[in-house]
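There are 2 protein chains.
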Amino acid sequence: MRKIQNEVLKSQLIKQWGYDQQFSFDVMAAARLVLFPAKSLLVQAPERPQNLLYLVKGKTKLYDTQANGKVTLIDFFTPPCFIGEMELLDPASSSFTVQAIEDCWCLALPMADYREKLLHDTTFLRCVGQYLGRKNARNIQTFSQNQAFTLAQRLAGFILLTANQDIYEEKHTQVAQYLGVSYRHLLYVLADFVEQGYLEKVGHHYRVCTPDKLAQLAHEVSWPGTD
Amino acid sequence: MRKIQNEVLKSQLIKQWGYDQQFSFDVMAAARLVLFPAKSLLVQAPERPQNLLYLVKGKTKLYDTQANGKVTLIDFFTPPCFIGEMELLDPASSSFTVQAIEDCWCLALPMADYREKLLHDTTFLRCVGQYLGRKNARNIQTFSQNQAFTLAQRLAGFILLTANQDIYEEKHTQVAQYLGVSYRHLLYVLADFVEQGYLEKVGHHYRVCTPDKLAQLAHEVSWPGTD
DNA sequence: CCTCCACTATGAGATTTCTCATACTTACCT
DNA sequence: AGGTAAGTATGAGAAATCTCATAGTGGAGG
Numbered sequence: 000m001r002k003i004q005n006e007v008l009k010s011q012l013i014k015q016w017g018y019d020q021q022f023s024f025d026v027m028a029a030a031r032l033v034l035f036p037a038k039s040l041l042v043q044a045p046e047r048p049q050n051l052l053y054l055v056k057g058k059t060k061l062y063d064t065q066a067n068g069k070v071t072l073i074d075f076f077t078p079p080c081f082i083g084e085m086e087l088l089d090p091a092s093s094s095f096t097v098q099a100i101e102d103c104w105c106l107a108l109p110m111a112d113y114r115e116k117l118l119h120d121t122t123f124l125r126c127v128g129q130y131l132g133r134k135n136a137r138n139i140q141t142f143s144q145n146q147a148f149t150l151a152q153r154l155a156g157f158i159l160l161t162a163n164q165d166i167y168e169e170k171h172t173q174v175a176q177y178l179g180v181s182y183r184h185l186l187y188v189l190a191d192f193v194e195q196g197y198l199e200k201v202g203h204h205y206r207v208c209t210p211d212k213l214a215q216l217a218h219e220v221s222w223p224g225t226d
Numbered sequence: 000m001r002k003i004q005n006e007v008l009k010s011q012l013i014k015q016w017g018y019d020q021q022f023s024f025d026v027m028a029a030a031r032l033v034l035f036p037a038k039s040l041l042v043q044a045p046e047r048p049q050n051l052l053y054l055v056k057g058k059t060k061l062y063d064t065q066a067n068g069k070v071t072l073i074d075f076f077t078p079p080c081f082i083g084e085m086e087l088l089d090p091a092s093s094s095f096t097v098q099a100i101e102d103c104w105c106l107a108l109p110m111a112d113y114r115e116k117l118l119h120d121t122t123f124l125r126c127v128g129q130y131l132g133r134k135n136a137r138n139i140q141t142f143s144q145n146q147a148f149t150l151a152q153r154l155a156g157f158i159l160l161t162a163n164q165d166i167y168e169e170k171h172t173q174v175a176q177y178l179g180v181s182y183r184h185l186l187y188v189l190a191d192f193v194e195q196g197y198l199e200k201v202g203h204h205y206r207v208c209t210p211d212k213l214a215q216l217a218h219e220v221s222w223p224g225t226d
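Chains A and B supply the protein sequences, listed in that same order. Each step along the first sequence adds one to the number in numbering that gives the first Met the number 0, with nothing skipped, and position 39 is 38. Each step along the second sequence adds one to the number in numbering that gives the first Met the number 0, with nothing skipped, and position 81 is 80.
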């Protein structure tokens, strides 16, 4: 995580998403603009996040690491999006790991200093409530719609969502579990994508050759965190 | 909706779910205990709910009715569960229809009288935030796990969830869409359930003959709103 | 009464996806 | 260096699920 000293960019991003309107105090001064480089961790379970983050640019994924080391993909976030709001609201909640897929810019509010303030800020609490409710509504719609699509369609969307700089390098085992299909079938479809020329295998990962073709395949598939 | 005058039952239900601890004022006196008979509507879109409800007993389903009359199943609720909290928090949110699957008991707080109070009650807002966050986390887990199951397994769970007094009478078209399978396949599996003796066709609906067998089939499948 | 439309119902053949078996590779532990 | 575990890879046959075609039924409205 790197702090970005750029007040112009910061206030532009705040305006862009109406960040300051979600608080009843002057968050402009309190929040810092930070950059998480691709693949770095925004939150590392089981540590609790130190900041309430607000993702303004970039894509992240959330996953759970079991005691035995098994990793389970759970969700994806795209701007605008709070990160760490559950841990703030719910001391009992377990926290998960959040990783940057590509470079991510966030507005960060240190929990240590603002936790109490936030928990008594009705403007903020109402906004978070709305945010969670809308996110939930969209997720339900998304998931129940998506199960009607074929793996090729869902995988196309998944690749576009998780690729960074046209490089796709998710673990097949995790993806198969996340998409709810067998490992075998995932490989079949992936091989077919290579066959079709949509992907190219480069060493241990894949290069996206024709994002447009994949987007076309995925045309109706929507993803969590995406609007 | 029928108001139930039973202070003993009311305070027992409030204690059972810790309802009063989610508010900073004396909700014991403010809330009324009401009963929605099976199949009645708790909320009827596009009207906005008049009460903030808290489901303490019974099962409900939420669906959307399109302009053209098409009905889409969206979600299910089981206790403990707020109903109408999104409409309270988010004046912009569209409201959906919520229907009682079986007789439902709710604690009702009139929005007209308490809206402002609730929107400034940080205890309540924090609790709703936690509730929404947990619900969301569980839904994501549920949905992404469930897509790995076969229709027979998911349908078994669905029937148990939506049947009232062992009578299952959902519309096949709606269910097929909700479960993300073709109408054709749904009928195959339903016919198989009859073949197996799990269900019996009675006029225009089905009677659940062996809930235990269905539960066994559904054993690992979890449902939204279920813990 | 007739018509239209949504829902129900069933068959046949095609596609998608799964299970199981079997290897090879890489990382890590000892 | 040997051993183990996880991830990768591929084949073959089976099961789940889809699409399309075709029909019957019941209710709403003219």
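Cβ atoms here follow ideal geometry from the backbone N, Cα and C, with glycine treated the same way. Remember, predicted model here, so these are calculated numbers, not experimental data.
Just curious, the beta strand (DSSP E) that THR59/B is in, first and last residue? In the second sequence, residue 59/B corresponds to position 60, counting from 1. 59-64 is the span of the beta strand (DSSP E), which, as asked, contains THR59/B.
Beta strand (DSSP E) runs wholly inside the stretch 88-164 of chain B, at least 3 long, in chain order: 96-99 and 103-109
Which residue comes first and which comes last in the beta strand (DSSP E) that contains ARG183/A? Within the first sequence, numbered from 1, the residue matching residue 183/A stands at position 184. Element bounds for ARG183/A: not the beta strand (DSSP E) but the alpha helix (DSSP H), 182-195.
So what does DSSP say about HIS204/A, is it helix, strand or coil? Mapped onto the first sequence, residue 204/A falls at position 205. Here HIS204/A sits in strand by DSSP.
With a cut-off of 8 Å on the beta carbons, I'd call GLY179/B and GLN140/A a contact; round off their distance for me. For the purposes of this step, residue 179/B is taken as the residue at position 180 of the second sequence. For the purposes of this step, residue 140/A is taken as the residue at position 141 of the first sequence. About 12 Å separates the two Cβ atoms, so there is no contact after all.
Helix, strand or coil at THR172/B [DSSP, three-state]: Taking the second sequence and counting its residues from 1, one reaches residue 172/B at position 173. It is helical.
Restricting to Cα atoms, I'd like to know which of MET110/B, GLN144/B and VAL70/B is closest to GLN176/B. Counting from 1 along the second sequence, the entry for residue 176/B is found at position 177. Of MET110/B, GLN144/B and VAL70/B, the smallest CA-CA separation from GLN176/B is found for VAL70/B.
Can you name the start and end residues of the alpha helix (DSSP H) that ASP211/A belongs to? As a working mapping, residue 211/A is identified with position 212 in the first sequence. Element bounds for ASP211/A: 210-216.
Could you check which residue in ALA107/B, GLY68/B and CYS80/B has the C-alpha nearest to that of GLY128/B? Taking the second sequence and counting its residues from 1, one reaches residue 128/B at position 129. The candidate whose alpha carbon is nearest that of GLY128/B is CYS80/B.
So that I know if they touch, is there some Cβ in chain B lying closer than 9 Å to that of THR121/A? On the first sequence, position 122 is the one that residue 121/A refers to. Yes, because at least one Cβ of chain B sits closer than 9 Å to the Cβ of THR121/A.
Among LEU150/B, HIS171/B and TYR167/B, which residue has its Cα nearest to the Cα of ARG206/B? Within the second sequence, residue 206/B is the residue found at index 207, counting from 1. ARG206/B has its Cα closest to that of TYR167/B, out of LEU150/B, HIS171/B and TYR167/B.
Taking C-beta pairs closer than 9 Å, name the residues in chain A that LYS116/B reaches, listed in chain order. Counting from 1 along the second sequence, the entry for residue 116/B is found at position 117. Within chain A, no residue comes near LYS116/B; the closest Cβ sits about 11 Å away, beyond 9 Å.
Within 8 Å of chain B by C-beta, residues of the stretch 127-141 of chain A in sequence order: VAL127, GLY128, GLN129, LEU131, GLY132, ARG133, LYS134, ASN135, ALA136, ASN138, ILE139 and GLN140
Rounded to whole angstroms, what's the CA-CA distance from CYS126/B to MET27/B? Just pull it up for me. For this step, residue 126/B is matched to residue 127 along the second sequence. For this step, residue 27/B is matched to residue 28 along the second sequence. Rounded to whole angstroms, CYS126/B to MET27/B spans 17 Å at the Cα level.
Classify ARG153/B: buried if its beta carbon has 16 or more other beta carbons within 10 angstroms, exposed otherwise. Residue mapping note: residue 153/B aligns to position 154 of the second sequence, counting from 1. ARG153/B should be labelled buried.
Going by DSSP in three states, GLU199/B sits in which element: helix, strand or coil? Indexing the second sequence from 1 puts residue 199/B at position 200. If DSSP states are grouped into helix, strand and coil, GLU199/B belongs with the strands.
Could you check if GLN164/B is buried or exposed, using at least 16 other CB atoms within 10 Å of its CB as the buried criterion? Numbered from 1 along the second sequence, position 165 holds the residue referred to as residue 164/B. Taking all protein chains shown into account, GLN164/B has fewer than 16 neighbouring C-beta atoms within 10 Å of its C-beta and is therefore exposed.
Assign VAL174/A to buried or exposed, taking buried as 16 or more other Cβ atoms, counted over all protein chains shown, within 10 Å of its Cβ. For this step, residue 174/A is matched to residue 175 along the first sequence. The Cβ neighbour count for VAL174/A, taken over all protein chains shown within 10 Å, is at least 16; the residue is labelled buried.
Taking the Cβ atom as the reference point for each residue, do CYS208/A and LEU216/A lie within a distance shorter than 9 Å? The residue you call residue 208/A lines up with position 209 of the first sequence. The residue you call residue 216/A lines up with position 217 of the first sequence. No, the Cβ-Cβ distance between CYS208/A and LEU216/A is not below 9 Å.
Helix or strand or just coil, what does DSSP make of ASP19/B? Counting from 1 along the second sequence, the entry for residue 19/B is found at position 20. Residue state, collapsed to three classes: helix.
Please classify TYR18/B as buried or exposed, where buried requires at least 16 other C-beta atoms within 10 Å of its C-beta. Working through the second sequence from its first residue, we reach residue 18/B at position 19. Looking at its Cβ environment, which holds 16 or more other Cβ atoms inside 10 Å, TYR18/B is buried.
In chain order, what residues of the same chain lie with their CB nearer than 7 Å to the CB of ALA30/B, ignoring the 5 residues before and after it? If you number the second sequence from 1, residue 30/B lands on position 31. Result list for ALA30/B: LEU106, ALA107 and LEU108, in chain order.
Taking Cβ to Cβ, would you say THR59/A is nearer than 9 Å to ASP120/B? Start at 1 with the first residue of the first sequence, and residue 59/A comes out as number 60. Start at 1 with the first residue of the second sequence, and residue 120/B comes out as number 121. For THR59/A and ASP120/B, no; Cβs fall outside 9 Å.
Under the rule that 16 or more other beta-carbon atoms within 10 Å means buried, what is GLU84/B, buried or exposed? Taking the first residue of the second sequence as 1, we reach residue 84/B at position 85. GLU84/B should be labelled buried.
What is the rounded straight-line gap between the Cα of ASN50/B and the Cα of MET110/B? Residue numbering aside, residue 50/B sits at position 51 when the second sequence is read from its first letter. Residue numbering aside, residue 110/B sits at position 111 when the second sequence is read from its first letter. Straight-line Cα distance between these residues: approximately 5 Å.
For ILE82/A, which three-state DSSP category applies? By one-based count along the first sequence, residue 82/A stands at place 83. Correct three-state label for ILE82/A: strand.
Candidates ALA190/B, GLY132/B, VAL42/B and ILE82/B: closest to SER92/A by CA position: Counting from 1 along the first sequence, the entry for residue 92/A is found at position 93. Among ALA190/B, GLY132/B, VAL42/B and ILE82/B, the Cα nearest to that of SER92/A belongs to GLY132/B.
ARG125/B: contacting residues in chain A (beta-carbon distance under 7 Å): Taking the second sequence and counting its residues from 1, one reaches residue 125/B at position 126. Here the neighbours are LEU88, LEU118 and LEU124.
When Cβ atoms are compared, which residues of the stretch 164-186 of chain A fall closer than 7 Å to chain B? Of all residues in the stretch 164-186 of chain A, TYR177 and GLY179 have a Cβ within less than 7 Å of some Cβ in chain B.
For ASP74/B, count neighbouring C-beta atoms within 10 Å of its own C-beta (all shown protein chains included) and say buried if the count is 16 or more, exposed if not. Along the second sequence, read from residue 1 onward, the residue named residue 74/B stands at position 75. It is buried - the Cβ of ASP74/B has at least 16 other Cβ atoms within 10 Å.
Looking only at C-alpha atoms, which of ALA214/A, TYR113/A and GLN65/A sits nearest to ALA151/A? By one-based count along the first sequence, residue 151/A stands at place 152. Residue ALA214/A is the option with its Cα nearest to ALA151/A.
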